[in-house]
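> These protein sequence lines map, in sequence, to chains E and V. Quick note: the first sequence, position 462, residue 462 per the working numbering, numbers continuous. Quick note: the second sequence, position 31, residue 31 per the working numbering, numbers continuous. Heads up, the beta-carbon is just placed ideally off N, CA and C, and yes, glycines get one too. This structure is a prediction, so every number in the text was calculated from the model and none was measured. Shown below is the structure under consideration.
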Amino acid sequence: MAVTPPDSARYLALYVAEAAEHLEALGRDVVRFEQGATVELVDSMFRHAHSLKGMAATMALEGTEALAHRLEDLLERLRADVHRADATAADVVLQAVDVLFTQVRAAAEGRPLPDAGPVVGRLAALTASLSPGEGPSGAAPGEAQPAPPPAASSLGPEAPTPGRVAVRFHVSPGASQPAVRGFLAYKRLSTLGAVVGLEPALDELKAGRLPPRGIRLELETSAPEAAIVRTLRTVAGVELEAIGPAAAPAPAVATSAGPERVAPPTIRVRAELMDAFLEHAGELLLATARVRALSRGVPEAQRPPIDEALDRLHLLVKGLHDEVMRARMTPVTLITDRLPRAARDIARLRGRDVELVVSGDDVELDRALVDALAEPMMHLLRNAIDHGVEPAEHRRAAGKPPRGRVTVAVSRQRDRVVLEVRDDGRGIDVERLKALVSARGLASPEALRAMSEREALLLVCLPGLSTAADVTQVSGRGVGMDAVKRAVEHVGGTLELESRVGEGTTVRLSMPLTVAVVGLLLVEVAGETYGLPIANVCGVVEVSPGAPAPGQGAPLVAWGQGVVPVHELATLLELPSSQTPAKGSPFVVVEGERARLALAVDRLLGQHEVVLKALARPLDLVPGLAGVTILGDGQPVFILDVARLTPT
Amino acid sequence: MTAKPKTVLVVDDSVFMRDIIKDIFGAGGFSVIGEAGNGVEAVERYKELKPDLVTMDLVMPDRSGIEATREILKADTSALVVMCSAHGQETMVMEAIEAGAADFIVKPPRAEEVLAVVRKVLGVA
Chain E
1 MAVTPPDSAR YLALYVAEAA EHLEALGRDV VRFEQGATVE LVDSMFRHAH
51 SLKGMAATMA LEGTEALAHR LEDLLERLRA DVHRADATAA DVVLQAVDVL
101 FTQVRAAAEG RPLPDAGPVV GRLAALTASL SPGEGPSGAA PGEAQPAPPP
151 AASSLGPEAP TPGRVAVRFH VSPGASQPAV RGFLAYKRLS TLGAVVGLEP
201 ALDELKAGRL PPRGIRLELE TSAPEAAIVR TLRTVAGVEL EAIGPAAAPA
251 PAVATSAGPE RVAPPTIRVR AELMDAFLEH AGELLLATAR VRALSRGVPE
301 AQRPPIDEAL DRLHLLVKGL HDEVMRARMT PVTLITDRLP RAARDIARLR
351 GRDVELVVSG DDVELDRALV DALAEPMMHL LRNAIDHGVE PAEHRRAAGK
401 PPRGRVTVAV SRQRDRVVLE VRDDGRGIDV ERLKALVSAR GLASPEALRA
451 MSEREALLLV CLPGLSTAAD VTQVSGRGVG MDAVKRAVEH VGGTLELESR
501 VGEGTTVRLS MPLTVAVVGL LLVEVAGETY GLPIANVCGV VEVSPGAPAP
551 GQGAPLVAWG QGVVPVHELA TLLELPSSQT PAKGSPFVVV EGERARLALA
601 VDRLLGQHEV VLKALARPLD LVPGLAGVTI LGDGQPVFIL DVARLTPT
Chain V
1 MTAKPKTVLV VDDSVFMRDI IKDIFGAGGF SVIGEAGNGV EAVERYKELK
51 PDLVTMDLVM PDRSGIEATR EILKADTSAL VVMCSAHGQE TMVMEAIEAG
101 AADFIVKPPR AEEVLAVVRK VLGVA
């Protein structure tokens, strides 16, 4: 059934999104395939090509349909004989994937599909050369598959054909947090196999909407029923009601009609709609705070019911906001999944031998951050391979293993996500970098001399510098570092560099988990109110600092097991200090860029949760400001970028 | 039959809360062999003591309970970590479960509930 043109516009966005997903997954498979082809892998590739073909046919995009069909032919042939899969096959498949991508993009923009002639020819030629009889194994497509090579056997022991088991259980009455209990049971059962049916749906379950008839879960598993019962017994507060075989699984060919294949239902929502939800939920939070501020004017006797209603309202609005934030959380795999393919392409193009190691891709972060980081991460990867890792012969001469290693590590640290791109390449020569900066007149020799190594490394992010071709040779870091730094800082992140000549370079991006709501500690300094992000605040001290040794730098205040240096926040902000320095005034101990420091403030005004508003020009250019917010009483408050308040 | 009591590491940034939880375990026949007041310490103490079970506060300075749980499970995939949550932290508990936490208890802790949960988790019901 082909969609007739007037209708097709309705489906186009969905087609483009899903087709891109299939192609990205296919690209990832090819990279793995190059490292060792297995039947499972080729199967997976085949499925993606097959799905795309069906979708393209439905959209009446004949060019894409035909190319996907050719690709499917080749993969079918390869599946019958994976041992004949080689780098050429991988190349041809990737080429087809790239052309398919351009076709999908063209369809998205309503342009005619680009010609796929050459790649169709290559696919056909390769498929023909792999015909039965041409190779050592003559298995025809669709026949019994050869056993996977040993490499694949680590994927798991041969499991007996899985069956479907239906389990019904309920959360014991009186259990605390029944939603979490139910979720825990679901989670535990899901370790035994694939959950193919769940009532209520996962979202409902997590939201605590548990039906009185209990939770019904269908599991595709090879585990015996007794094992399921045992597993459920390890979860306190849930009771098994019934267990038994479920209806037979639908045959694989009928997946489109399989009514049971509805695991946790999901819907696609346009990204801008999600942004609007967040905006509104944020405004609701602010509006609630405003009402609370106004209610303070109400006579004491009438306050309790108002406060109670406000508490309830706040709880609801906060809950809504949290849910919206949760819906926006996106796995960082959206970025990291693209890296292996990109690394391969860059390495091939530049004649480098590079191994890419990606870790920690189970981290989730706000959709807006994922979008903002995709391009910078690609840039950093390109730099690491192209400018960092040396050609194999140079590496050998330097006594390094000929194969370079680039590591991308994502980790969650408190309220932040840290993305690290590390290479074992040539590193940055700080002295030569300084010389270059000086030669270009981008900084004075005095300033350069006074720079710490850490500051000097950041010179590669100077806008006038990073586009210069000769930086590549000098620094092992090339183009676009200024753009990376800007992009990261725009979403509230920081960029740090570490490098050693001959040993490699590490770029570390530290990002907030979300872009919208931040907890603030409000402080008063020189008559003004400022917000310090709670994420950076370690604690508050209200004692006089130790007497400073005259002329010996900052006074110290005791903190934990040690001491931290005290700085007047007013001085750091270049405000007139309203008090005699630090006489019994409170200190806020914060996590500075390098070390902790105690900020002397005039007054602590308490903790607030606020919706962060991006700074408009020219305020976004002011260093030390992270954003602005409007308090409940309508007062705007600047939020300080604590990490960068570090005194010079 | 006198089995050796199961050992527990109690992690919470509040000494008060740790005491309450310790008393519950003491009365239930468990042996609390260590305490930690933040996530970093929790991971260190875990590696050093290898307890049978950890109770882990969610919100703490120096690495959250979820982070610490991840770290502990990375070091020892068979570690049993029970989260200590408060009302309103359902989402975080679910995140901890996703990260591999074995179960959870809710503050203020009720002795019978805490013991029922940890006995199930340890298989000593």
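Flag this pair as touching only if the segment 555–566 of chain E and the segment 499–512 of chain E have three or more C-beta atom pairs under 8 Å; answer yes or no.
Cβ pair count under 8 Å is below three, so no.
> What does DSSP give as the partner residue(s) for F638 of chain E in the beta ladder?
Bridge partners of F638 of chain E: E:Y530 and E:V628.
> Mark L285 of chain E as exposed unless 16 or more other C-beta atoms lie within 10 angstroms of its C-beta, in which case mark it buried.
Classification for L285 of chain E: buried.
> Scan the segment 356–429 of chain E and note each continuous beta strand (DSSP E) run of 3 residues or more that stays entirely inside, going in chain order.
Counting only runs of 3 or more, we get 364–366, 404–413 and 416–423.
> Whole angstroms is fine: what's the gap from E272 of chain E's alpha carbon to M325 of chain E's?
Rounded to the nearest angstrom, the two C-alpha atoms are 14 Å apart.
> As a quick exercise: from E:V196, E:A37, E:D322 and E:V269, pick the residue whose alpha carbon is nearest that of E609 of chain E.
For E609 of chain E, the nearest C-alpha among the options comes from E:D322.
> For the candidate residues E:G208, E:R338 and E:L232, whose alpha-carbon lies nearest to that of L189 of chain E?
If we check each option's Cα against that of L189 of chain E, E:L232 comes out closest.
> Please list, in chain order, the chain V residues whose beta carbon lies closer than 7 Å to that of S176 of chain E.
Near S176 of chain E (Cβ distances below 7 Å), the residues of chain V are V106 and E113.
> Provide the residue span of the beta strand (DSSP E) that contains T656 of chain E, from first to last.
Since the displayed chain E opens at 1 and closes at 648, residue 656 of chain E lies outside it and no answer follows.
> Assuming M511 of chain E contacts G493 of chain E (C-beta within less than 8 Å), just tell me the rounded distance between them.
Right, the Cβ-Cβ distance comes to about 4 Å (below 8 Å), so this counts as a contact.
> Taking I228 of chain E and V165 of chain E to be in contact with their CB atoms under 8 Å, please state how far apart those CB atoms are, rounded to whole angstroms.
Right, their Cβ atoms sit about 6 Å apart.
> I'd like the span of the beta strand (DSSP E) that includes H83 of chain E, first residue to last.
Element bounds for H83 of chain E: n/a, residue is neither H nor E.
> Taking all protein chains shown into account, do 16 or more other C-beta atoms lie within 10 angstroms of the C-beta of R45 of chain V, making it buried, or fewer, making it exposed?
It is buried - the Cβ of R45 of chain V has at least 16 other Cβ atoms within 10 Å.
> With a 10 Å radius around its C-beta and 16 neighbouring C-beta atoms as the bar for buried, classify Q89 of chain V as buried or exposed.
Classification of Q89 of chain V: buried, given that the 10 Å Cβ count is 16 or more.
> Determine the closest residue to E41 of chain V out of V:T69, V:K22, V:G26 and V:I21, with distance taken between C-alpha atoms.
The residue with the shortest Cα to Cα distance from E41 of chain V is V:T69.
> If contact means a Cβ-Cβ distance below 9 Å, which residues of the segment 231–245 of chain E contact chain V?
Under the 9 Å Cβ criterion, the segment 231–245 of chain E contributes R233, T234, V235, A236 and G237.
> Just reading off the alpha helix (DSSP H) that L53 of chain V is part of, what are its end residues?
Unbroken run through L53 of chain V is the beta strand (DSSP E), L53 to D57; no alpha helix (DSSP H).
> What is the DSSP secondary structure of I105 of chain V, reduced to helix, strand or coil?
Here I105 of chain V sits in strand by DSSP.
> Any Cβ of chain E within less than 9 Å of the Cβ of D76 of chain V?
D76 of chain V does not count as touching chain E.
> In the segment 184–196 of chain E, which residues sit with their C-beta less than 7 Å from some C-beta in chain V, listed in chain order?
Answer in chain order: L184 and K187.
> Identify the contact partners of T91 of chain V in chain E, using a Cβ-Cβ distance below 7 Å as the criterion.
Within chain E, the residues near T91 of chain V are D322 and R326.
> How is the beta strand (DSSP E) around V590 of chain E delimited, first residue to last?
Per DSSP, V590 of chain E belongs to the beta strand (DSSP E) from F587 to E591.
> Between the segment 75–82 of chain V and the segment 24–37 of chain V, do at least 3 Cβ pairs fall closer than 8 Å?
The segment 75–82 of chain V vs the segment 24–37 of chain V: no contact.
> For R367 of chain E versus M329 of chain E, is the C-beta distance shorter than 9 Å?
Contact: yes.
> Based on the DSSP secondary-structure assignment, which residues constitute the bridge partners of S51 of chain E?
Paired residues: none, contrary to the question.
> Does the beta-carbon distance from R426 of chain E to G480 of chain E come in below 9 Å?
Going by C-beta atoms, R426 of chain E is not nearer than 9 Å to G480 of chain E.
> If you count every other CB in all the chains shown that lies within 10 Å of the CB of S85 of chain V, and 16 or more means buried, which is it?
S85 of chain V should be labelled buried.
> On a Cα-Cα basis, can you pick out the residue from E:A116, E:A343 and E:A194 that is closest to R32 of chain E?
The shortest C-alpha separation from R32 of chain E is found at E:A343.
> Considering just the uninterrupted stretch of the alpha helix (DSSP H) at I346 of chain E, what are its terminal residues?
Unbroken alpha helix (DSSP H) run through I346 of chain E: L339 to R350.
> Taking the alpha carbon of S176 of chain E as the point to measure from, which residue in V:S64, V:P109, V:V54 and V:A75 has its own alpha carbon closest?
If we check each option's Cα against that of S176 of chain E, V:P109 comes out closest.
> Helix, strand or coil for E308 of chain E? Go by DSSP, reduced to three states.
It is helical.
> Would you please verify whether the beta carbon of G519 of chain E is less than 9 Å from any beta carbon of chain V?
No, its Cβ sits nowhere closer than 9 Å to a Cβ of chain V.
> Alpha carbons only, please: which of E:T88, E:V563, E:V298 and E:L310 is nearest the one belonging to T288 of chain E?
Checked all of E:T88, E:V563, E:V298 and E:L310; the closest Cα to T288 of chain E is E:L310.
> Quick check on DSSP: helix, strand or coil for R209 of chain E?
In this structure, R209 of chain E counts as coil in the three-state DSSP scheme.
> Could you tell me whether the segment 16–36 of chain E touches the segment 104–112 of chain E, using the rule of 3 or more Cβ pairs below 8 Å?
A contact exists between the segment 16–36 of chain E and the segment 104–112 of chain E.
> Apply the 10 Å Cβ neighbour rule to H490 of chain E and answer buried if 16 or more other Cβ atoms are within range, or exposed otherwise.
Counting Cβ neighbours within 10 Å, H490 of chain E comes out exposed, since fewer than 16 surround it.
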